[in-house]
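Just below is one structure, and these are the notes that go with it.
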Amino acid sequence: MISIFDSIILGIIEGLTEFLPISSTGHLIVASEFLGLKQDSITKAYEVIIQFAAILAVVLHYPSKFTFKHLELWKKVTLAFLPIGTIGFLFSTQIKAMFSIQIVAIMFIIGGIIFLIVEKYYKEDETHITDVEEISYKNAFYVGLAQICALIPGTSRAGSTIIGAMLVGMNRKASAEFSFLLTKQIVY
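Quick note on numbering that gives the first Met the number 0: the sequence shown kicks off at 0 and runs consecutively.
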């Protein structure tokens with residue numbers, strides 16, 4: 000059972016980690032372990048429910064993007080979602096079996112190393128996509144392929160999406176915006 004104290008701690012962790020390119024879910028798993036919370040259906044449901052605020056924040060921050068005027072962008076976001084949605088659906092049992100604090104910890108480290116490597120070689124002045132609306136369908140799909148890595152517990156969906164977007168030539172701002180629009184879909 001999740002106490003009020005546990006709820007407050009998990010809520011603070013969620014609030015601090017959700018909009019960073021780190022795995023907020025992974026941090027909730029680690030925190031739950033330290034708090035002695037069993038990873039049962041109630042705890043997992045709670046972790047999904049508190050992430051709803053992040054989805055709402057994106058909708059409130061980008062209200063103009065949620066109009067028919069941006070239908071092309073949403074087609075690209077949907078295309079980028081298809082790889083993770085398909086693989087996640089087909090291999091959900093295997094993915095759930097990987098949820099352990101050890102895998103989460105390892106992926107925290109690997110994700111950090113990948114970010115450092117990409118940042119070392121990334122050249123903002125060589126990007127050719129400076130606005131989220133400019134992404135092509137092909138590049139949106141490639142970003143979606145990069146997001147598949149986030150099916151491994153402890154890997155950030157936002158982080159893998161941002162890395163994928165930067166690798167297809169988006170600048171940091173456009174990468175972050177595309178990530179927010181793509182990763183805050185309700186797919187948990």
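Even glycine gets a Cβ: it sits at the ideal position worked out from N, Cα and C.
- Message: With three or more C-beta pairs closer than 8 Å as the rule, is the region 100-108 touching the region 133-143?
- Response: No, the region 133-143 does not touch the region 100-108.
- Message: Going by DSSP in three states, I151 sits in which element: helix, strand or coil?
- Response: What you label residue 151 is simply residue 152 of the sequence shown in a count that begins at 1. Note: I151 maps to coil in three-state DSSP.
- Item | C-beta atoms of P20 and S178 nearer than 9 Å | Counting from one through the sequence shown, the residue named residue 20 turns up at place 21. Counting from one through the sequence shown, the residue named residue 178 turns up at place 179. Taking 9 Å as the cut-off, the beta carbon of P20 is found closer than this to the beta carbon of S178.
- Buried or exposed: where does V131 fall if 16 or more other Cβ atoms within 10 Å of its Cβ makes it buried? In the sequence shown, residue 131 corresponds to position 132, counting from 1. Per the 10 Å Cβ criterion, buried.
- Cβ neighbour criterion (16 or more within 10 Å) applied to E133: On the sequence shown, residue 133 is found 134 positions in, with the first residue counted as 1. So E133 ends up on the exposed side.
- Message: Residues in the same chain with beta-carbon distance under 7 Å from A157, minus the five sequence neighbours each way, listed in chain order, please.
- Response: If you number the sequence shown from 1, residue 157 lands on position 158. Same-chain partners within the cutoff: P20, S178, T182.
- Should the region 115-129 be regarded as contacting the region 42-55, the criterion being three or more beta carbon pairs within less than 8 Å? Fewer than three pairs of CB atoms, one per stretch, sit closer than 8 Å, so the region 115-129 makes no contact with the region 42-55.
- Task: Kindly identify the DSSP beta-bridge partner or partners of M165.
- Result: Residue 165 sits at position 166 when you count from the first residue of the sequence shown. Residue pairing by DSSP places M165 in no beta bridge whatsoever.
- Task: Verify whether the separation of the beta carbon atoms of S22 and S155 is less than 9 Å.
- Result: Walking along the sequence shown from the start, residue 22 turns up at place 23. Walking along the sequence shown from the start, residue 155 turns up at place 156. Their beta carbons are under 9 Å apart, which means S22 touches S155 by this criterion.
- Which residue's Cα is closest to the Cα of G153: N138, M97, H127, G163? The residue you call residue 153 lines up with position 154 of the sequence shown. That would be M97, whose Cα lies nearest to the Cα of G153.
- Which of helix, strand or coil DSSP assigns to I1: The count along the sequence shown starts at 1 and reaches residue 1 at position 2. In this structure, I1 counts as coil in the three-state DSSP scheme.
- Item | CB of V117 within 9 Å of CB of L150, strictly | Within the sequence shown, numbered from 1, the residue matching residue 117 stands at position 118. Within the sequence shown, numbered from 1, the residue matching residue 150 stands at position 151. Remark: C-beta atoms of V117 and L150 do not approach each other more closely than 9 Å.
- Going by beta carbon distance, what residues of the same chain come within less than 8 Å of V29, once the five residues before and after it are set aside? Here residue 29 refers to the residue found at position 30 of the sequence shown. Cβ within range, chain order: I100, V103, A104.
- With 16 other Cβ atoms within 10 Å as the buried cut-off, status of H26: Looking up residue 26 in the sequence shown gives position 27. Under this definition H26 is a buried residue.
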